[in-house]
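**Q** Note that the protein sequences, when read in sequence, are chains A and B. Read the first sequence against this note's numbering and you will find it ends at 333, with the numbers running on by one and no gaps. Read the second sequence against this note's numbering and you will find it ends at 704, with the numbers running on by one and no gaps. Note that CB positions come from ideal geometry on N, CA and C, so glycine has one too.
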Amino acid sequence: MLERVTLALPSKGALADPTLAFLADCGLRVDKPNPRQYTGVIGAVASVDVLFQRVTDVLYKVADGTAQLGITGLDVVHEHPFEDVVVIQNDLGFGHCRLIVAVPESWVDVTSIIDLAEIAIDFREGQGRNLRIATKFTHLARQFLHAHGIHQFTLVNAEGAIEAAPTIGYADVIIDLMQTGTTLRENHLKPLDDGVILESQACLIGSKSALTDMPIVRESTRMLLEYTDAALCGKRYYQLTVNIRGEEAESIGQQIAANPITRGLQGPTVAPIYGIERGWYTVTLIVSSRDVLAAVDHLRLCGAAQTTVTPIRYAFMASSPTYQRLTTALSLP
Amino acid sequence: MALINSQTRLHQLVETLQAHNDDFGYQRLETPILQPADLFLTKAGDQLIQRLFTFERFGRQWALRPEFTASAAAAYAEMDTHSDTPTRWQFAGAVFADAPESSQVQQRYSVGTELIGWSSPRADAETIALAFGGVRAVGVPDARIILGSVQFLRALFEGYDLDSRLLRFLMEHIAHLHTDGKAFILDRFDRMTTLGAARPDSDGLELTVLLQNNTPLVGRSREDILNRLQRKTQRSAVRGVVVTALDQLEALHHIAETPASAFVRVRALLDARQTQAQVALDALETLVDLLEAAGVPADRIIVQPTLARDWNYYTGAVFEVRASDNTLLAGGGRYDELVRLMGGSDTPSVGLAFYVDDLSTIVQHGANGNA
Chain A
1 MLERVTLALP
11 SKGALADPTL
21 AFLADCGLRV
31 DKPNPRQYTG
41 VIGAVASVDV
51 LFQRVTDVLY
61 KVADGTAQLG
71 ITGLDVVHEH
81 PFEDVVVIQN
91 DLGFGHCRLI
101 VAVPESWVDV
111 TSIIDLAEIA
121 IDFREGQGRN
131 LRIATKFTHL
141 ARQFLHAHGI
151 HQFTLVNAEG
161 AIEAAPTIGY
171 ADVIIDLMQT
181 GTTLRENHLK
191 PLDDGVILES
201 QACLIGSKSA
211 LTDMPIVRES
221 TRMLLEYTDA
231 ALCGKRYYQL
241 TVNIRGEEAE
251 SIGQQIAANP
261 ITRGLQGPTV
271 APIYGIERGW
281 YTVTLIVSSR
291 DVLAAVDHLR
301 LCGAAQTTVT
311 PIRYAFMASS
321 PTYQRLTTAL
331 SLP
Chain B
334 MALINSQTRL
344 HQLVETLQAH
354 NDDFGYQRLE
364 TPILQPADLF
374 LTKAGDQLIQ
384 RLFTFERFGR
394 QWALRPEFTA
404 SAAAAYAEMD
414 THSDTPTRWQ
424 FAGAVFADAP
434 ESSQVQQRYS
444 VGTELIGWSS
454 PRADAETIAL
464 AFGGVRAVGV
474 PDARIILGSV
484 QFLRALFEGY
494 DLDSRLLRFL
504 MEHIAHLHTD
514 GKAFILDRFD
524 RMTTLGAARP
534 DSDGLELTVL
544 LQNNTPLVGR
554 SREDILNRLQ
564 RKTQRSAVRG
574 VVVTALDQLE
584 ALHHIAETPA
594 SAFVRVRALL
604 DARQTQAQVA
614 LDALETLVDL
624 LEAAGVPADR
634 IIVQPTLARD
644 WNYYTGAVFE
654 VRASDNTLLA
664 GGGRYDELVR
674 LMGGSDTPSV
684 GLAFYVDDLS
694 TIVQHGANGN
704 A
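1) I want to verify the contact list: residues of chain B whose CB lies under 9 Å from the CB of Pro104 (chain A), in sequence order.
2) CB-CB under 7 Å to Ala318 (chain A), same chain, minus the five flanking residues each way: which ones, in chain order?
3) For chain A, is any of its Cβ atoms less than 9 Å away from the one on Ser569 (chain B)?
4) Are Leu326 (chain A) and Gly206 (chain A) touching if we call contact CB-CB under 9 Å?
5) For Asp109 (chain A), return the contacting residues in chain B, with the cut-off set at a CB-CB distance below 7 Å.
6) What residues in the stretch 484 to 509 of chain B have a beta carbon less than 7 Å from any beta carbon of chain A?
7) List the residues of chain A whose Cβ lies closer than 9 Å to the Cβ of Gln383 (chain B), in chain order.
8) Curious, which full-length beta strand (DSSP E) runs of at least 3 residues does the stretch 64 to 151 of chain A contain?
9) Does chain A have any CB closer than 9 Å to the CB of Ala530 (chain B)?
10) Using the C-alpha atoms, what's the distance from Ile286 (chain A) back to Val48 (chain A)?
11) Shortest alpha-carbon distance to Val296 (chain A) belongs to which of A:Thr262, A:Arg278, A:Thr282?
12) Taking the alpha carbon of Tyr442 (chain B) as the point to measure from, which residue in B:Glu348, B:Thr414, B:Ser453, B:Ala403 has its own alpha carbon closest?
13) Within 10 angstroms of the Cβ of Met178 (chain A), are there 16 or more other Cβ atoms? Answer buried if so, exposed if not.
14) Return helix, strand or coil for Arg572 (chain B), following the three-state DSSP convention.
15) Run through the DSSP bridge pairs and tell me what Leu285 (chain A) is partnered with.
16) Since Met223 (chain A) is in the beta strand (DSSP E), which residue starts that stretch and which ends it?
17) Is it right to say Pro10 (chain A) is buried, meaning 16 or more other beta carbons lie within 10 angstroms of its own, or is it exposed?
18) Relative to the C-alpha of Leu585 (chain B), which candidate in B:Phe401, B:Ile478, B:Leu603 has its C-alpha closest?
19) Return the CA-CA distance between Gln697 (chain B) and Asp691 (chain B), expressed in angstroms with no decimal places.
20) Along chain B, in chain order, which residues have C-beta atoms closer than 7 Å to that of Asp172 (chain A)?
21) Taking contact to mean 3 or more Cβ pairs, one atom from each stretch, closer than 8 Å, check whether the stretch 642 to 658 of chain B and the stretch 305 to 312 of chain A are in contact.
22) For chain E, find out if any of its Cβ atoms is closer than 9 Å to the Cβ of Glu389 (chain B); answer yes or no.
23) Taking buried to mean at least 16 other C-beta atoms within 10 Å of its own C-beta, is His148 (chain A) buried or exposed?
24) When the cut-off is 9 Å and only beta carbons count, does Gln152 (chain A) lie next to chain B?
25) To which residues of the same chain is Lys12 (chain A) closer than 7 Å at the C-beta, ignoring the five residues directly before and after it?
26) Please confirm if Pro166 (chain A) has its CB atom under 9 Å from at least one CB of chain B.
27) What residues from chain B crowd round Glu79 (chain A), counting only those whose CB sits closer than 7 Å?
28) Nearest by alpha-carbon distance to Ala578 (chain B): which of B:Ile478, B:Leu489, B:Leu617 is it?
29) In its own chain, which residues sit with a C-beta less than 6 Å from the C-beta of Leu617 (chain B), not counting the 5 before and 5 after it?
30) Taking 6 Å as the limit between beta carbons, can you name the residues of its chain near Thr402 (chain B), skipping five residues before and five after?
31) If I'm right that Phe485 (chain B) touches Leu346 (chain B) with Cβ under 8 Å, what's the distance once you round it to whole angstroms?
32) According to DSSP, is Asp355 (chain B) helix, strand or coil?
33) List the endpoints of the continuous alpha helix (DSSP H) containing Arg667 (chain B).
34) DSSP state of Gln423 (chain B), grouped into three classes?
35) Would a C-beta distance cut-off of 9 Å place Arg132 (chain A) and Thr154 (chain A) closer than the cut-off?
36) Under 6 Å Cβ to Cβ from Ala117 (chain A), same chain only, skipping five residues before and after it: list those, please.
What follows is the structure, encoded as structure tokens:
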């Protein structure tokens, strides 16, 4: 029986550094004893070994059971579907990009996928050749094109510098990842209005069979998710500590709780301050990070003299919501 | 034991169907299970293409056969000489469908016939009677024939003043009328005519400037782009015609009844200018007469003018044979252009496929019901 769990992480590419930053931010700092080796450990979850792999290999290692967990991109997972791989969390909140269809800027008559379908027929009937599409996402590309009525095309398989293919002349259009669109513009390409094939970001994946069969994989997954859920949830809130002058704790508490913004998760905590002056209270409450200023304004109306705002490191709920979803989805014990 | 029993039943059924086809003079042949995917991609409908099981090997795209007709047409196109009398072929074996969202590949059994080189409606009648007779021969007495005509639909659209691309667009979207409705098709049409939401300020001037500078044109000429742009903007002018066409199509879509009343209702919906559609309808009526002469009872025939099959290669009459609970047992139609598309000469042809697994289930239910 397995006694340790392997978590595969991206070693290179756009996801590598953000993954380590994300984990460190969640309190799951990865220590690499030897920078030239492909392994590491996470102090907070002792049962987990880290294995560094390229993003696609992260998926392959989870699919073949070498690793039981992994962090990779949704684009990779959708391009190479494996029956034994489950996406545990599909929005880790970093590594955002889109898989898109882009055509030459000079094709001013082409703005939608329906236009492209007609152009594909034009190429076939007018020039006697197929529309050529450069991509490394051949599976997703084929699925998307067929689903949109484009059947006559040739996929040109390419690994790098895909956006240069139309200018160089070995393809007419491309299907590739786009982050800001700058690279596309520099290469005289434009995305189609309705050509978004996939909204991608970093995701946590796991081996279904390992999660089902091995208690230690489940327990390690739960621990990792406790950290990531609590850290991601914590980012959504601030803790406010407020000094307020008032008659009595009860009325201050009610006045603050009357506003949904300052009601917090359960309601404010009000405690008397034993200082030189009587009639001062300290109120502690949790507010959504979007509503900080609105909350401060309301507290001022309630008599707040000073307010300090502290970020929340972790917000633990009764249990990890992501782990609960996973146990339901896979019918885990 | 259950598996063995159902296998035995399946094979008895196949034997019966093959013997039935033998009686009509159909020669038994085989087509390769594994074929270049292009063979099927050329004329498969949207829904079907998404179920085609394909994979890449040595840089080439391959497919497991989803049916026999395309292979038969390709084989016929490759033959050096063709006899003066019609060719009758039959096929039997596994056909495959992919379930794109899982790792499952559906393997099913099919028996098919192709009647190649005969343009007469007698060829259509022979094939449909063969399908109906085969279904009866294996023990489904209460099946119905649903009859439609791609020729009629084509003629209908050609009566409108639309360019060939729009005709093609409408023909390819008939199946969507059944599944997604008129609004869906109209939305797609609108996207064909607008210049895109992202650039509402686009005007002729900006386009000219863009086309004069040095951005690469990539595979198209300046004229291509400007011509198409013009075609696209002119299309918004025929939106009214497209709406009228879709309205007519939708009205026709509600007709599925016995020949006598169906033909009356369809004719009432036709415009006097749609003379070619009238001709196609007459041809369908002739076919019904031939079927009745061949012994198919009139009350077993349903005329459904917008009947759409999964394959885009059909050009004339199309049909389905369904059980009383609507299970699809057999289907087919006329495909006069496929042999030419496969590199041969113009060759009128009609084909059919029996869906043996579903036939077996229905036969089994019938047997249990009678016991």
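**A** Per the coordinate set shown:
1) Thr548, Pro549, Leu550, Val551, Gly552, Arg553
2) none
3) Cβ-Cβ to chain A under 9 Å: no for Ser569 (chain B).
4) yes
5) Ile558, Arg561, Leu562, Lys565
6) Arg498, Glu505
7) Gln143, His146, Ala147
8) 69 to 73, 85 to 89, 97 to 104, 131 to 135
9) Below a pLDDT of 50, predicted positions are generally treated as unreliable, and Ala530 (chain B), at 43, falls in that range; the measurement from the model is reported next regardless. Chain A places a beta carbon closer than 9 Å to that of Ala530 (chain B), counting this residue as a contact.
10) 33 Å
11) A:Thr262
12) B:Glu348
13) buried
14) In this structure, DSSP gives Arg572 (chain B) a helical state, which the three-state scheme calls helix.
15) A:Leu240
16) Counting along the chain, Met223 (chain A) falls outside any beta strand (DSSP E), though it belongs to the alpha helix (DSSP H) covering 215 to 234.
17) buried
18) B:Leu603
19) 10 Å
20) Per Cβ cutoff of 7 Å: Val551, Gly552.
21) no
22) Considering every chain present, this structure includes no chain E. Its protein chains are A and B.
23) buried
24) Closer than 9 Å to some Cβ of chain B, the Cβ of Gln152 (chain A) qualifies, so yes.
25) Arg54
26) yes
27) At a beta-carbon threshold of 7 Å, none of the residues of chain B lie near Glu79 (chain A); the nearest stands roughly 13 Å away.
28) B:Leu489
29) Ser482
30) Gly684
31) With a Cβ gap of about 33 Å, Phe485 (chain B) and Leu346 (chain B) do not count as contacting.
32) helix
33) Note, Arg667 (chain B): premise wrong, no alpha helix (DSSP H); beta strand (DSSP E) at 661 to 667.
34) strand
35) yes
36) Excluding residues within five positions, the ones whose Cβ falls inside 6 Å are Gly149, Ile150.
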